[in-house]
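Read through the structure below, which is laid out as structure tokens, and then see the notes.
In this note's numbering, the protein residues as written are 1 to 586.
Dropping the structure here:
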């Protein structure tokens, strides 16, 4: 059995492995986000020698894809110690000079786009949600109050486009088009009840977007001037033969072709005008960057950390621009990765990734890893939590329960109005499947998750306590009613959408109402300054555990919020979890 020192070393080594995500192109420089110096920062690649230069000093919370002909990259910084109150900055790609975009009030900024000298963004205060526009180094204005969850995705001239929950139906997504010159705010959907998303402005001011209004998700072009809609048609047939379920991203090449990263079963492929471009197996991170005869991409898998590749579009040769390697003593611990589907309580097939540990027997100690969101997914993409668990001797089963994205909007919508219901049963059936398949030892199965995964952990430990040997809940929700009262406008709207307005269900599905039933050891890890899943209700939950004499330990991560931005943040979350499992999984 490994010592505590060994466990700490494994976690530290994995956390130090840099993350990479290409953001876009500014002038002739590919720009990417990375933690290679311990803090999420913006970097640029010099295509002449593939060298990298760090551009920002402040921890970057989010960044907008730059425009190729613009030297500026805009990004947000949390200036409130993790409370997600943001300022917007921009950095000059040439000089590295960082400047404040505008002296806006402190707000939660959750999307932004740039066009030359102006930035458009959506932000929330306690009172409302709105679209704002700011001029670099100048003034700002609240352009349009929207009071719903919506994201700005592109800006060109006087047009701002985005998508969100813009009708009364919580299960649909619509596009919006805002004209700065006239003040007109237009909501567009090709069909009522459809999910249309991530619009981008392409040549001649047309709008490229994804929609499921004809069934499966496809790409369309909307011509605003003529009010005409057309399906994207490609010259080559590779894209159609592949048949993506959804799209990771899409856009227009510098020479005018439509490119798309199609997704299926948690993996992606790149197509230009319908022709597949050779790439490594796994999943893309961020945006492809087209420069001359090359495209730069970031890719990873569940056993291989992110790397930046350069693909020659003429011959298909692939070069590694930025390495991302694991120490051999850790990579040797990571076993087989499998994509499977199992049937849940109602016959619904649940897509799932399984990563086996070479250190564990079969059946052996197993973690059922519950992702956050809930509208997120586990892909064949680097996940430091999963890697740490596998390297520490645990098999991992990661179900993409109903409500996960990546498998069609119909699947994503299945938990709206039913959080902690069908999705919770999907997680229970993941355990049953793992035991039946001889992967999981029924006496050594752990439930673990962060954010919505933390919520599911709390709830399942109270409602189905005998299925687990212990649980780890990170940044989870214990009281939806209490969280609603503490949230700002956008998180109140998030809860309204998730529960489809069913206020009575918020109490029924709150883990604090089942705390008396907790029977197995529980590890609670929570960021001190978290404003998405506030700490106050969790403290009340811990008080009840204490009063009831339950076995638990609590770790309050100081000076951080919900989002992990530094390697130190990651250590605060992961290390207590792995050490807890060492104590209680025997």
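A virtual CB, placed ideally from N, CA and C, is assigned to each residue, including glycine.
- The C-beta separation of residue 480 from residue 497 comes to about 13 Å, leaving the pair out of contact by the 8 Å criterion.
- Between residue 420 and residue 459 the beta-carbon gap is near 5 Å, inside 8 Å, which marks them as a contact.
- Annotation: the continuous alpha helix (DSSP H) that includes residue 7 extends over 4-16.
- With a cutoff of 8 Å on beta-carbon distance, residue 377 and residue 406 are scored as near each other.
- According to the DSSP assignment, residue 310 belongs to the beta strand (DSSP E) that extends over 307-312.
- When 408, 199, 386 are compared, the shortest CA-CA separation from residue 574 is found for 386.
- Ranking 94, 136, 308 by CA distance to the CA of residue 103 puts 136 first.
- In this structure, residue 397 and residue 368 form a Cβ contact; the two beta carbons are roughly 5 Å apart against a cut-off of 8 Å.
- DSSP places residue 145 in the strand class (E or B) of the three-state scheme.
- For residue 576, there is no enclosing beta strand (DSSP E); the enclosing alpha helix (DSSP H) has its first and last residue at 567-584.
- Distance from residue 173 to residue 164 at the Cβ level is roughly 7 Å; contact confirmed, criterion being Cβ atoms closer than 8 Å.
- Taking residue 33 as reference, the option from 68, 19, 371, 512 with the minimal CA-CA separation is 19.
- Taken in chain order, the complete beta strand (DSSP E) segments of 3 or more residues contained in the region 364-414 are 364-370, 395-399.
- In the three-state DSSP reduction, residue 341 falls in the strand class (E or B).
- Residue 234 has its alpha-carbon roughly 5 Å from the corresponding atom of residue 273.
- Excluding its 5 nearest sequence neighbours in each direction, residue 146 has C-beta neighbours in its own chain below 7 Å: 129, 130, 131, listed in chain order.
- As a beta-bridge residue in DSSP terms, residue 43 pairs with 32, 54.
- Within the same chain, no residue comes within 7 Å of residue 501 by CB-CB distance, once the 5 residues on both sides are set aside.
- Assignment of beta-bridge partners to residue 430 by DSSP yields no partner.
- Using a Cβ-Cβ distance cut-off of 8 Å, the region 179-197 and the region 205-217 are in contact, since at least three pairs of beta carbons, one from each stretch, lie closer than that value.
- Taking all protein chains shown into account, residue 493 has 16 or more neighbouring C-beta atoms within 10 Å of its C-beta and is therefore buried.
- If you check the CB distance, residue 415 and residue 422 come in under 8 Å.
- Under the DSSP definition of a beta bridge, residue 524 partners with 473, 554.
- Rounded to the nearest angstrom, the gap between the Cα atoms of residue 308 and residue 283 is 12 Å.
- Around residue 463, the same chain offers 424, 514, 517 as residues with beta carbons nearer than 8 Å, after the five sequence neighbours per side are excluded.
- One Cα belongs to residue 580, the other to residue 528, and the distance between them is close to 20 Å.
- With contacts defined by Cβ atoms closer than 8 Å, residue 288 and residue 263 do not form a contacting pair.
- The alpha carbon of residue 292 has as its nearest neighbour, out of 48, 344, 57, the alpha carbon of 48.
- Judged by DSSP secondary structure, residue 357 falls within the beta strand (DSSP E) whose first and last residues are 349-357.
- Boundaries for residue 495: no beta strand (DSSP E) harbours it, while the alpha helix (DSSP H) harbouring it runs 489-498, taken from the DSSP string.
- Residue 411 counts as buried, since at least 16 other C-beta atoms from the protein chains shown sit within 10 angstroms of its C-beta.
- Excluding five sequence positions before and after residue 181, the CB atoms of its chain that fall closer than 6 Å to its own CB belong to 158, given in chain order.
- In this structure residue 236 is exposed. Its beta-carbon is surrounded by fewer than 16 other beta-carbon atoms within 10 angstroms.
- The residue among 11, 266, 12 with its C-alpha nearest the C-alpha of residue 338 is 266.
- DSSP, reduced to helix, strand and coil, places residue 453 within a helical segment of the structure shown.
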